[in-house]
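Visitor:
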Amino acid sequence: MPEQSGETWQRDRLLEALDSYHRGLGDAPILHKWTESEVANTESSQSDAMAFVISTDDVDRHGDVIVASGWRLDAYRLNPVFLWAHDYTRPVIGRALDVWGEPHRLMARMEFAPTSFAQEVAGLYRAGYQRGVSVGFKPLQFEERRHEKTGAFLGIRFLEQELLETSAVPVPANRHALRRALEQAPRVGEYLRRCDSLRNASLAGSAEGLWPRMVAQVDEISKLATELTRMLEDAQSEGTPPVQPAGIDQVLTVLRGARA
3 MPEQSGETWQ RDRLLEALDS YHRGLGDAPI LHKWTESEVA NTESSQSDAM
53 AFVISTDDVD RHGDVIVASG WRLDAYRLNP VFLWAHDYTR PVIGRALDVW
103 GEPHRLMARM EFAPTSFAQE VAGLYRAGYQ RGVSVGFKPL QFEERRHEKT
153 GAFLGIRFLE QELLETSAVP VPANRHALRR ALEQAPRVGE YLRRCDSLRN
203 ASLAGSAEGL WPRMVAQVDE ISKLATELTR MLEDAQSEGT PPVQPAGIDQ
253 VLTVLRGARA
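Under the working numbering, the very last position in the sequence shown is 262; numbers go up by exactly one each time.
Here it is as structure tokens:
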């Protein structure tokens, strides 16, 4: 399925990039992370300047975390470009007048260029039609995030990173995560049936036979739970909840309980 293939490609690309940085390769690609940002007019002398939250230390849809105190900003301050959708071949749409850290987030005050396209993008932000921004960065230190009890891989924790650019991006690259998650319903159903079998097993031997198969699915089920829960919460906050297939309430209840 196209969405699932895209998600897999993005995750593989991230892991390959991290491996390249770990080995010190000079051609390792810049990493990108999207953040939904509230836009506020500033008191700057630049009347069109806007303040953005360009990164937070919340867990994102890939299960990754960027530690807010780990940002290195010197390189970006020398060339504080604001791009359109990480497109390095077209002119910038603005620049950062200031960039600074706050508890749990990274902020920037953006001034839009006096071009027709840049002003069109600025108008979309002011009117609330566009809210997302994305950072391009070079990871300096990072580690794996794993479940405390199961050891399942949850994502990457970026401990120190160098900001290189910021972009106006309408939607995150993995916006189709909900559809991918719902298409995995048969796998979730199989997992639930195994949970029921384990719960109802009368003999220890019959229960033990299920453990290897369930443990093998921990990574996939954990990531599925994260994606599904976050996308449903996003849809609910936007006032457009998706049509839920039969039994999805039970799936969500079990998955959310497993994450607690």
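We treat Cβ as the ideally placed atom computed from N, Cα and C, and that holds for glycine.
For clarity, every value in this text was computed on a predicted model and none was experimentally measured.
What beta strand (DSSP E) runs, 3 residues minimum, are completely inside the region 38 to 124?
Guide: Segments of the beta strand (DSSP E) lying fully in the region 38 to 124: 52 to 58, 83 to 86, 96 to 104, 107 to 114.
Visitor: Per DSSP, what are the beta-bridge partners of Val137 in this structure?
Guide: DSSP output for Val137 lists Lys35, Thr168 as bridge partner(s).
Visitor: So which of Lys35, Phe144, Phe155, Trp73 has the shortest CA-CA distance to Pro105?
Guide: Pro105 has its Cα closest to that of Trp73, out of Lys35, Phe144, Phe155, Trp73.
Visitor: Rounded to a whole number of angstroms, what is the C-alpha to C-alpha distance between Val83 and Glu122?
Guide: Val83 and Glu122: Cα-Cα distance of roughly 17 Å.
Visitor: Is it the case that the Cβ atoms of Ser118 and Val171 are separated by a distance below 9 Å?
Guide: No, they are not a contact pair.
Visitor: Using a Cβ-Cβ cut-off of 6 Å (strictly less than) and excluding sequence neighbours within five positions of Arg111, which residues of its own chain qualify?
Guide: Cβ neighbours of Arg111 beyond the five flanking positions: Thr44, Ala51, Ala53, Leu99, Asp100.
Visitor: Using DSSP's beta-bridge definition, name the partner residues of Gln163.
Guide: In the DSSP output, where bridge partners are listed per residue, Gln163 has Trp73, Pro141.
Visitor: Output yes or no for whether 9 Å exceeds the beta carbon distance between Ile68 and Asp76.
Guide: It is not a contact, given that the beta carbons lie outside the stated cut-off.
Visitor: Does the distance from the C-beta atom of Leu142 to that of Leu161 stay below 9 Å?
Guide: Yes. Within cutoff.
Visitor: Mind checking Asp62: buried by the 16 CB within 10 Å criterion, or exposed?
Guide: So Asp62 counts as buried.
Visitor: Give me, in chain order, the residues of the same chain whose beta-carbon lies closer than 8 Å to that of Arg97; leave out the 5 immediate sequence neighbours on both sides.
Guide: Within the same chain, Arg97 has close Cβ partners Pro82, Val83, Phe84, Met112, Glu113, Ala115.
Visitor: Of the residues Asp66, Gly130, Lys140, Lys151, which one's Cα is nearest the Cα of Thr168?
Guide: If we check each option's Cα against that of Thr168, Lys140 comes out closest.
Visitor: Less than 7 Å between C-beta atoms, sequence neighbours within five positions excluded: which residues of the same chain meet that for Glu164?
Guide: The residues are Arg74, Ala77, Phe139, Lys140, Leu142.
Visitor: Among residues of its own chain, excluding the 5 on either side of Ser57, which ones have a beta-carbon nearer than 8 Å to its beta-carbon?
Guide: For Ser57, where only same-chain residues beyond five positions count, the Cβ hits under 8 Å are Lys35, Thr37, Ile68, Ala70, Trp73, Arg107, Leu108, Val137.
Visitor: Is it the case that the Cβ atoms of Glu146 and Gly157 are separated by a distance below 9 Å?
Guide: A contact, by the Cβ cut-off of 9 Å.
Visitor: On the criterion of 16 or more Cβ atoms from any shown chain inside 10 Å, does Arg79 qualify as buried, or is it exposed?
Guide: Arg79 comes out exposed.
Visitor: Note down, in chain order, each residue of its chain lying with its Cβ closer than 7 Å to the Cβ of Val94, except the 5 sequence neighbours on either side.
Guide: If we look at Val94 and ignore the five residues flanking it on each side, its Cβ neighbours are Val83, Phe84, Leu85, Ala115.
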